[in-house]
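Residue numbers (the numbering used here), protein chains in the order written: chain D, 2 to 666; chain F, 880 to 979; chain Y, 35 to 519; chain B, 4 to 502.
Don't be surprised by glycine CBs; every beta carbon is placed ideally from N, CA and C.
Below is one structure; the comments refer to it alone.
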Amino acid sequence: MFVLIPLFPLLGAAVNGLIGIRGFSRRAVGATAVGAAGMSFAAAVAAFVGLLRSAEPAIVKTLFTWLPPSLVRTASGSLASLRVDLSFHYDSLAAVMTLVVTGVGLLIHIYSLGYMAHDKSYARYFSYLNLFTFAMLILVLGANLGVMFIGWEGVGLCSYLLIGFWFRKDSASNAGKKAFITNRVGDFGFLLGTGLLVYALGTIDIAGIAAAVEGGALAKGTATAAALLLFLGATGKSAQIPLYTWLPDAMEGPTPVSALIHAATMVTAGVYMVARLHVLFSFSGTALTVVALTGAITAVYAATMAFVQTDIKRVLAYSTISQIGFMFIGLGVGAYAAGIFHLMTHAFFKSLLFLAAGSVIHALSGEQDMRRMGGLRARIPRTYRVFLIGALAISGFPGLSGFFSKDEILASAFASGQYLVWALGLAGAAMTAFYMFRLIFMTFFGEERFTEKAGEPVHESPPVMLVPLQVLAVLAVIGGYIGLPRLLGGRAWFTRFLERTTGAHEAGLAPGTEALLMAASVAAALGAIYAAYVIYVKKRGEPARRFAERCRALYQTVLRKYYVDEFYGKVFVGGVFAAGRIADWIDRRVIDGLVDGTAGVARRVSRLAILFDERAVDGAVNGVGKAHLAASSVLRRLQTGHIYNYALAVMLGVALVITIAVAVF
Amino acid sequence: MIPIEAVIVLGLLLFAIGFVGVVVRKNLVVMLMSLELLLNGANVILVGLGRRLDSPRGTIFAMFVIIMAVSEAAVGFALVLAYFRQKKSYDVDALDDLKG
Amino acid sequence: MIVPSGYGLRPLVPELVLLTAAAAALFVHLFAGRHGRRAAGYVALAGIGAAGFALALTPPSAGPLFGGHFVADPFALYFKAAILLAGALAVIMAFRFFDVEGGEPGEAYTLVLLAMVGMAAAVSAADVVTTYVSFELFAIPSYVLAGIFKKERRSAEAGIKYFFLGTLSSAIMLLGLALVFGLTGSTAYAEAGPALAGAEGRAVLVAMGRVFAGLFFKAAFVPFHMWAPDVYEGAPTPLVIFLSTAPKAAVVAVLVRAMTSLFGAYAAEWRLVLQVIAVATMLWGNLAALTQKSLKRMMGYSAIAQAGYLAIGLAAWGEAGRTAVLFYIVAYIVMNAAAFGLVLLVDKGGRFDESIDGLRGLARRAPGAAASVLVVLLSLTGIPPTAGFIGKYLLFTAAVEKGMILLAAAGALNSAISLFYYFRIGRAMFLEEAVSAVPEAGSQTPESFSRAVTIFLAFCAAVLLSLGLLPTLLTTPAVSAILSR
Amino acid sequence: MNVFGIPILTFVTFFPVAGMLVVLALPTSSARAIKLAANIFTGLEFAVTLLILTRFDAGSGEMQLVERLPWIKSIGAQYLLGIDGISLLLVLLTSLLTFVATLSSWGAVTGRLKEYYAFMLLLETGMVGVFLALDLLLFYVFWEVVLVPMYFLIGIWGGERRLYAAIKFFLYTLFGSVAMLVGILVLRAGHHSFDWMAMVAAGSVIPAALQGWIFLAFFLGFAIKVPMVPFHTWLPDAHVEAPTAGSVILAGILLKMGSYGFLRFSLPLLPDAARRYAPAVAVLALVAIIYGALVSLMQKDMKKLIAYSSVSHMGFVMLGLAALTPMAAKGAVLQMINHGLSTGALFLVVGVLYERRHTRLISEFGGLSSRMPVFAAVFLIMTMSSIGLPGLNGFIGEFMILMGTFPVSWLWTAIAATGIVLGAGYMLWLYQRVMFGTIVHPANESLKDLTLREFATFMPLLVLVFWIGIFPKPFLDVIDKPVEKIIRIVNPAHFEAPR
């Protein structure tokens, strides 16, 4: 049943991609794509309901054998038969993910109908979007690392195509390429991690890995190595340190794409993967710590960069990186459910923010620079309202979804005793609130800094765009209540539902401590919002400017993204190209040179130059060849034409023959 | 009786003189004569050996060689003459159209 | 000195037929006059055909005849057949040559036949005297053949060079043969051989070295080969076909016989000698061919190199080595005939263009001939599925089986080197365009292609291909010729 | 099983020769008839190779449909053909790609048609023969037969420096193959037979030291053909100069002859040497993977870029074979097929552009996506196939090679995986530079999208790219047993019961 979920988007992509692109009207294209997304969502809901009713914790459905069995000699010396089936796995974790993917996906499909209405490549766009949904669902449902990897790379491909959707722009196609290649670096880790598991366990089946780990078949060191390699893949896909640089650039894509792929779904694939392999990560311990620390550092680090960005979408991009850091904190302290909970709420409010930002951009006919916005509150009030909801949610304003999920993560971090992680998380939360409201204030408050182009007045978006926004706003508000913690009288339903898959995790905090922590984060968030208000509304951004001037070096460093892009460009890309040039030089000069016999000896044989024109020298082509030709001309000189020379040669021959014969005798 | 060694040395001497003549002299006719000397050197050895071994075969062999030498000389002269008609020269150094 | 009853002169019939044909050709030449330029040739061809017929009817005999001077074993018959083949191919091409270039071919046909008599005798010789006499019997006509073309100065030069060096080398060989006689007191191989085994080794080796020198000279092995390129370039092309193939066949037969009967006890020594000679010959021939501009001279060096491969088989010896040699000699005759025949394909106003450039664009102008030549080139290089490949293959295998892996490797390497120059021809024919497709008015005489040569080339190609695909056609008689001895 | 009374393998091998004769018999003036005949023959040939499937037992690892006739009795050479799963896939690939290449030549080749198609058909016989011959001498014969037509295909219908490229190709490969010939001779001296099956059955008769030498001789021949660094420099030249169809066949099939030979002969016949030298081969393969990728990155000519990418991809194949584990080896065999399909298709892609613009310089293009959407899609799919996107064929091979290699050495796997990253780099950059951006060059404004005939040539390749990517089981099932059999001979330790 649940296998149908990815089927619809696939069909939608195929229909639009093969037929729609040629013959369909825009309406038909839209209907196909949205219909596919809708049916997929319906199927996801149905499957979810089915899972709730079922007593089974997980359903596995195998379609067919993908890679037939091969013998593998594992680390322990035993022979395993590695078989990879095209099989799917549906449990509470997958259920949450499919609902998020198809639900948010459906809304974004609808939104796109309006946003992309004037684009020439309408069918191509929707075909890619459907294809993405399909790939993401494969990633989520895959029952083994192989199938997961199909989705993993599939979403990467779609991301590549959608970032570079407006391929005439060089920046767009560059960004797409950068995203793909950075992800490939992550895949390098993913593949090696998979290889290590094959070697260690002889299986890449997720259930099989879990069973083997629990059965004690894996050494701790091996587990750590495998987990870290896989996590390298996760950092690529989820834009964490050190592979985060592609995500801000990815904003070159259409805004709905940013919302769906680069906020709500694809970038959380790494989070999902770690959660999916929680047994492995938990067993290692060390790996889990690395995950938590990476998440915490990324959360703060990315937030600092969001402080100084002026491109509305780039702020959101850094925010996404930061928020995914939070998710990894949750996973890293063992609170898998909390991490996934945040994943879900983040999907609501971040896609809301992106789509709302898209609405702003739409209103201003493509303007993305916040320095040329301001005062939009009055001009596009509906967009403003939903944007504000999203900003409050992400800031952890009490009662909104972000508050619950973030709080649960921070509480778990504190409970795990990793206070550094907790402290970083708290700081990150405060920073989040600050830059989000910096964004709100710069965009919607103050004076209007934009110039209206003639014939394109600032306009509110059409309903087809606003309705999804409003739905998402509602979700961003109420989405947290399914995981309402016990402290606040909830039953933590979401956590318990997920713990059917991830196993129980007790925060083990005293209610008092928990309340205190909650208060701390609320205070941090509210304080940060207030600070933003003072700086950007009351003082019209003056303090920020003054700060930038006074600490110019620091400001520049942050603005230039800590020069990491430059560093990567110089060291890695530059290194590869330098190596490429060297290799190319070797190829042309050394190897072919040796072969071509550029050796001066051969060149000096002047007769050859006369004999062979340089263009078509069959003999001289080849290195050995040139040497031969030189030898040849020597031999020719020996052939003098004189009888007495020849006669001497004959006598020499006689002597030679006799000498050789006598020598052996 | 003359020792066989002396006969052989004589033959070899003749042979060597003939060879040196072929190599050193530049006149084709002289070279032709040197060739005859070569063959006669061999003949001396053959006849000497035949006597020493008390076998008629040596002499018979030598007679065959003489016959062959005659025809060779005839052919050789014919070729040299044909060449002379074209080049008006007996100089062996002129024979270098074919080389390389 | 008793002739075995029932034999009489029967084993000599092929030689006698050739001799008769030679006389007949001479007469026809004298009386047919200028109108019958080809008449002597037809007689010669008929004579060769009749000799072949006689050869087929000659019962092979195991033992020596005529007092141990002569054997007509299957081995000898095989080589005689090969020599007849070489003669026939040469005579056929001679028609074309003399038709275009003019000249008096009658003597040439006679001399070819006479030389063949000498060769046939040499192949059967089982006595040092017979060996020497038959050698001279084919050597003397050869000198004349090289210098026969009076119109061409280079021909006379070729004749003189061949004559002086040839006579010198046979004198050296004579000295060796005399020494054999001196050491053993016998001239028959059957008696001398065993005696040599017990004689003073160094003296035997000196004798052997001299005998081999004479043989190597005729086979154009390095360093006795210096005459060959000059003679091959200077002599009339059809006679080069003859001179570059038939004597080698005869010499190889004599060598094999001398190695088994006379110097059988000194196998270790001559095998090393032949290894060195083989490598030197292949390398020298191939390397020197690389930079030649004249097609004919290049093919001359190619002929030298090809003989080097034969030496591999002789060095390897054994049944396999000799079988390989027997196979390769036939392939060699056909390949060489075709290679030199190619020179006669294009006639540019009464002359043959001997340069490689003259072949440019041949594939377009004469596709059939070009395709045949391609097969011949593949065979010369040793690329399957041609006789050249099988032949080289057999030679190399024989060497490998005797542990001479490096020798085989050298042979293989050489066949790769030879690709350089053989495919200069392929390139000219197929990949390049003719220098000027349209002859400029008056400056160039229109060229004509000979249908006969095209057919000739096609025939050679067909033979090479069929021997390449079905080598058993030749290996079976070769093996039986070897085993009979 | 017979076709017209001729045993099927013989028929498959020599049917193209019949085609060649027919083409040669047609009058030179009737270009259409010549093209038609050539296409019909290659098409029929493909159909007949498919017919083999009906009598092929996929579950067996043994040689099937064996045809044995005496050939050269005196040296024990036989006319011995047989087919197992490995050969089957390669023969199918050969007949398919030849058909595709012939089809793609319809408009591309205009001069000297008769010779062109005759050489194409002769080439096909050689290639099929190489994959079917089980007698080493016969194998060598077919191996060399391939050389000549390819030489002429490059030399006559090639680009500007075709003469240079053609002779370079010929010389390189001939040097390699004479080395191999010597190896064959020595091998035969040890076994007194050319019969692959008999040699395999006889086992390790030859002393290990001698095996080493033979292995090196074989390796030289195969490594030049594959080609492995540093024997690869003939490849870029040959590709750049060859006509499109020639490139397709060169990359698609000829290179596979090298890796096939390594798997079929070097491994099972010289097991001791293979075990000893496998790490060295693997290291060379790794060098090829990285080196090929780096050099690709620097290329300005599309064909050259793809040629170097072949060096990199064939490095994967050789790594898979040198790992000596069943999984890696199976991956390698599949990768041979994959590389044939995707690189063949990429050369067709370049050919499409070349036919329109008569240049292959990347800088001449840019922004083509907007003018040629269908072409863009095909190119993209093939690019993705080449860089190993899961779900497409390329991934399966690479994945199995990497997974199979890991137990042997994690370091090899890691280095090879780096190659995958680089592969994405140069291919995507190529795609970007050709397809994305705005159209700068005015000549590109009027480019036509794929014609129906062009699309039809891509179609079978597209289908297979997806088929192997999604449901590779039939392909892997066929090669499972034969590959395992070979690996069992070379590396029995891999299969021993755990101690």
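Within chain Y, the residues that L177(B) reaches when beta carbons sit closer than 7 Å: Here residue 177(B) corresponds to residue number 174 of the fourth sequence, with the count starting at 1. The answer, in chain order, is A450, L453.
Assigned exposure category for V493(B) - 16 Cβ within 10 Å defines buried: Reading the fourth sequence from its first residue, position 490 is the one you call residue 493(B). Per the 10 Å Cβ criterion, buried.
Residue(s) in a DSSP beta bridge with K454(D): To locate residue 454(D), count along the first sequence from 1; it is residue 453. According to DSSP, K454(D) bridges with E457(D).
Three or more C-beta pairs below 8 Å linking the stretch 193-201 of chain Y and the stretch 133-140 of chain Y: no
At least three beta-carbon pairs within less than 8 Å, the stretch 168-175 of chain B to the stretch 443-462 of chain Y: yes
Residue burial classification, V73(D) (beta-carbon count within 10 angstroms, cutoff 16): On the first sequence, position 72 is the one that residue 73(D) refers to. Under this definition V73(D) is a buried residue.
First and last residue of the uninterrupted alpha helix (DSSP H) at E915(F): One-based indexing of the second sequence puts residue 915(F) at position 36. From DSSP, the alpha helix (DSSP H) with E915(F) extends over 907-932.
For E141(Y), the three-state DSSP class (helix, strand or coil): Indexing the third sequence from 1 puts residue 141(Y) at position 107. Three-state result, E141(Y): helix.
Cβ contact check for the stretch 147-163 of chain B and the stretch 414-430 of chain Y: 3 or more pairs under 8 Å: yes
Cβ neighbour criterion (16 or more within 10 Å) applied to P382(D): Residue numbering aside, residue 382(D) sits at position 381 when the first sequence is read from its first letter. Answer is exposed; the Cβ neighbour count stays below 16.
P271(B) versus M305(B), A332(B), A241(B), F49(B), residue with shortest Cα-Cα distance: Residue 271(B) sits at position 268 when you count from the first residue of the fourth sequence. Selected option, being the one with the closest Cα: A332(B).
Close beta carbons around D619(D), own chain, < 6 Å, minus the five adjacent residues each side: For the purposes of this step, residue 619(D) is taken as residue 618 along the first sequence, with counting starting at 1. The pLDDT assigned to D619(D) is 38, lower than 50, so where the model puts this residue is not dependable; a value taken from the coordinates is nonetheless given after this. Excluding sequence neighbours, D619(D) sits near nothing in its chain.
Exposed unless 16 or more other CB atoms sit within 10 angstroms - verdict on L118(Y): Here the question's residue 118(Y) lines up with position 84 in the third sequence. Burial call: buried.
C-alpha distance - I439(Y) paired with M339(B), whole-angstrom precision: Here residue 439(Y) refers to the residue found at position 405 of the third sequence. Here residue 339(B) refers to the residue found at position 336 of the fourth sequence. If I take the Cα positions, the gap works out to 33 Å.
Y962(F): first and last residue of the uninterrupted alpha helix (DSSP H) it sits in: The sequence position of residue 962(F) within the second sequence is 83, counting from 1. Its alpha helix (DSSP H) spans residues 936-966.
Min CB distance A441(B) to chain D below 7 Å: As a first step, residue 441(B) is located in the fourth sequence; it is residue number 438 there, counting from the start. In the sequence as presented, Ala is not what sits at residue 441(B); that position holds Thr. Closer than 7 Å: yes.
Whole-angstrom distance between A277(B) and G323(B), CA atom to CA atom: For this step, residue 323(B) is matched to residue 320 along the fourth sequence. For this step, residue 277(B) is matched to residue 274 along the fourth sequence. Going from the Cα of G323(B) to the Cα of A277(B) covers about 13 Å.
L91(B) to L467(B) span [Cα, whole Å]: As a first step, residue 91(B) must be located in the fourth sequence, where it is residue number 88. As a first step, residue 467(B) must be located in the fourth sequence, where it is residue number 464. Whole-angstrom Cα-Cα distance: 15 Å.
Where W494(D) falls, given that 16 or more other Cβ within 10 Å makes a residue buried: On the first sequence, residue 494(D) is found 493 positions in, with the first residue counted as 1. Label assigned to W494(D): exposed.
Own chain, CB closer than 7 Å to R487(D), minus 5 neighbours either side, in chain order: Residue numbering aside, residue 487(D) sits at position 486 when the first sequence is read from its first letter. A493, listed in sequence order.
For V285(Y), three-class secondary structure by DSSP: One-based indexing of the third sequence puts residue 285(Y) at position 251. V285(Y) falls in the helix class under three-state DSSP.
Sequence ranges, alpha helix (DSSP H) only - wholly within the stretch 210-293 of chain D, length at least 4: 221-238, 247-250, 256-260, 270-277, 279-285
Short Cβ contact (7 Å threshold) for T271(Y) with F131(Y): Indexing the third sequence from 1 puts residue 271(Y) at position 237. Indexing the third sequence from 1 puts residue 131(Y) at position 97. Contact: yes.
Residues, ordered as in the chain, of the stretch 185-218 of chain Y that lie near chain D by beta-carbon distance below 8 Å: I194, K195, F198, L199, L202, S203, I206
Proximity of L217(Y) and A233(Y) at Cβ, strictly below 7 Å: Position 183 of the third sequence, counted from the first residue, corresponds to residue 217(Y). Position 199 of the third sequence, counted from the first residue, corresponds to residue 233(Y). Result yes, Cβ atoms of L217(Y) and A233(Y) sit closer than 7 Å.
Pairwise C-alpha distance: L68(D) and A96(D): Locating residue 96(D) in the first sequence gives position 95, where the first residue counts as 1. Locating residue 68(D) in the first sequence gives position 67, where the first residue counts as 1. Their backbone Cα atoms lie some 26 Å apart in a straight line.
Per-residue contacts from V949(F) into chain Y (C-beta, under 7 Å): As a first step, residue 949(F) is located in the second sequence; it is residue number 70 there, counting from the start. The premise fails here: V949(F) is roughly 11 Å from chain Y at the closest Cβ pair, so nothing lies under 7 Å.
Start and end residues, beta strand (DSSP E) containing F89(D): In the first sequence, the residue the question calls residue 89(D) occupies position 88. It spans 80-92 - the beta strand (DSSP E) in which F89(D) sits, taken as one unbroken run.
Where N184(D) falls, given that 16 or more other Cβ within 10 Å makes a residue buried: Translated into positions along the first sequence, residue 184(D) becomes position 183. When all chains shown are included, N184(D) counts as buried.
L501(Y) classed as buried or exposed, judged by whether at least 16 other C-beta atoms fall within 10 angstroms: Working through the third sequence from its first residue, we reach residue 501(Y) at position 467. It counts as buried.
Identity of the residue in F478(B), A288(B), L266(B) nearest F134(B) by Cα: Taking the first residue of the fourth sequence as 1, we reach residue 134(B) at position 131. For F134(B), the nearest C-alpha among the options comes from L266(B).
Residue-chain proximity (G955(F), chain D), Cβ-Cβ < 7 Å: For the purposes of this step, residue 955(F) is taken as residue 76 along the second sequence, with counting starting at 1. No, no contact with chain D.
Every unbroken alpha helix (DSSP H) inside the stretch 234-317 of chain Y [4 residues or more]: 235-253, 261-268, 271-291
Length-filtered (4 minimum) alpha helix (DSSP H) runs lying within the stretch 515-555 of chain D: 543-551
Spatial distance of D370(D) from A394(D) (CA atoms): Position 369 of the first sequence, counted from the start, is the residue given in the question as residue 370(D). Position 393 of the first sequence, counted from the start, is the residue given in the question as residue 394(D). Roughly 23 Å separates the two Cα atoms.
Interface partners of V377(Y) on chain F, CB under 9 Å: Taking the third sequence and counting its residues from 1, one reaches residue 377(Y) at position 343. Those do not exist, as V377(Y) stays about 16 Å from chain F at its closest Cβ, beyond 9 Å.
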